[in-house]
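Student: In my numbering, the protein residues as written are 44 to 182. Just so you know, even glycine gets a beta-carbon here, dropped at the ideal spot from N, CA and C. As the structure is a computational prediction, the values presented were derived from the model and not from experiment.
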DNA sequence: GCCAACGTTGGC
DNA sequence: GCCAACGTTGGC
């Protein structure tokens with residue numbers, strides 16, 4: 044079991060869209076970055092991820108689950124790019140903002156802080172637990 | 001194969 | 001809206 048973080052612009056694909064996709068999920072397509080592709084390739088069904096809204100909101104709003112293996116991105120005519128399917132699991136009672144993450148010393152090493160431009164990122168179990176606590180999620 | 005130029009992304 | 005950081009592209 045591994046943990047990830049998926050970044051999206053709410054104007055393009057928001058948490059509400061993800062919820063609307065239901066338990067079957069939706070392709071996390073449109074990723075055109077080699078490192079993000081590599082991260083998705085490393086995912087397996089059942090992995091969990093944070094759902095992060097960039098731009099105006101800049102906060103983690105919920106948890107998603109990987110519901111497929113790494114497969115062809117149907118929106119890519121060249122067939123070069125792949126993606127996984129993700130489904131909404133549940134919202135954060137209290138969204139965790141980027142500012143909150145940056146002010147937490149234990150999260151200073153997070154990829155989100157160090158490389159904010161990467162759209163699909165790995166999250167360590169320690170980071171996962173801490174952010175879930177901060178968001179009032181689970182437990 | 002290397003390096004510079006350019007475009008895009010995202011935080012502020 | 002601006003600026004900095006990063007990735008990608010193209011010329012050499």
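Kindly indicate which three-state DSSP category residue 134 falls into: helix, strand or coil?
Tutor: Taking the first residue of the first chain as 1, we reach residue 134 at position 91. Strand, per DSSP.
Student: Runs of 3 residues minimum, wholly inside the segment 69 to 96: which ones carry the beta strand (DSSP E) assignment?
Tutor: Counting whole runs of 3 or more residues, the segment 69 to 96 contains the beta strand (DSSP E) stretches 91 to 96.
Student: I'd like to confirm the pairing. Which residues does DSSP put opposite residue 126 in its beta bridges?
Tutor: The residue labelled residue 126 in the question sits at position 83 within the first chain. Bridge partners of residue 126: 114.
Student: So residue 100 and residue 165 are supposed to be a Cβ contact under 8 angstroms. How far apart are they, rounded?
Tutor: Here residue 100 corresponds to residue number 57 of the first chain, with the count starting at 1. Here residue 165 corresponds to residue number 122 of the first chain, with the count starting at 1. About 22 angstroms; that fails the 8 angstroms criterion.
Student: Assign residue 48 to one of three DSSP states: helix, strand, or coil.
Tutor: Reading the first chain from its first residue, position 5 is the one you call residue 48. DSSP places residue 48 in strand when its eight states are reduced to three.
Student: Just to confirm the assignment, what range does the beta strand (DSSP E) spanning residue 163 have?
Tutor: As a first step, residue 163 is located in the first chain; it is residue number 120 there, counting from the start. From DSSP, the beta strand (DSSP E) with residue 163 extends over 163 to 166.
Student: Going by C-alpha to C-alpha distance, which of 152, 44, 51, 75 sits closest to residue 120?
Tutor: As a first step, residue 120 must be located in the first chain, where it is residue number 77. The candidate whose alpha carbon is nearest that of residue 120 is 75.
Student: Going by alpha carbons, who is nearest to residue 104 out of 126, 133, 111?
Tutor: Reading the first chain from its first residue, position 61 is the one you call residue 104. That would be 133, whose Cα lies nearest to the Cα of residue 104.
Student: Taking 7 angstroms as the threshold (C-beta atoms), are residue 84 and residue 113 in contact?
Tutor: Taking the first residue of the first chain as 1, we reach residue 113 at position 70. Taking the first residue of the first chain as 1, we reach residue 84 at position 41. A contact, by the Cβ cut-off of 7 angstroms.
Student: Just confirm the distance between the C-beta atoms of residue 66 and residue 130, as a whole number of angstroms; I'd bet it's less than 8 angstroms.
Tutor: Against the first chain, residue 66 aligns to sequence position 23. Against the first chain, residue 130 aligns to sequence position 87. Yes, residue 66 and residue 130 are in contact; Cβ-Cβ is about 5 angstroms, under 8 angstroms.
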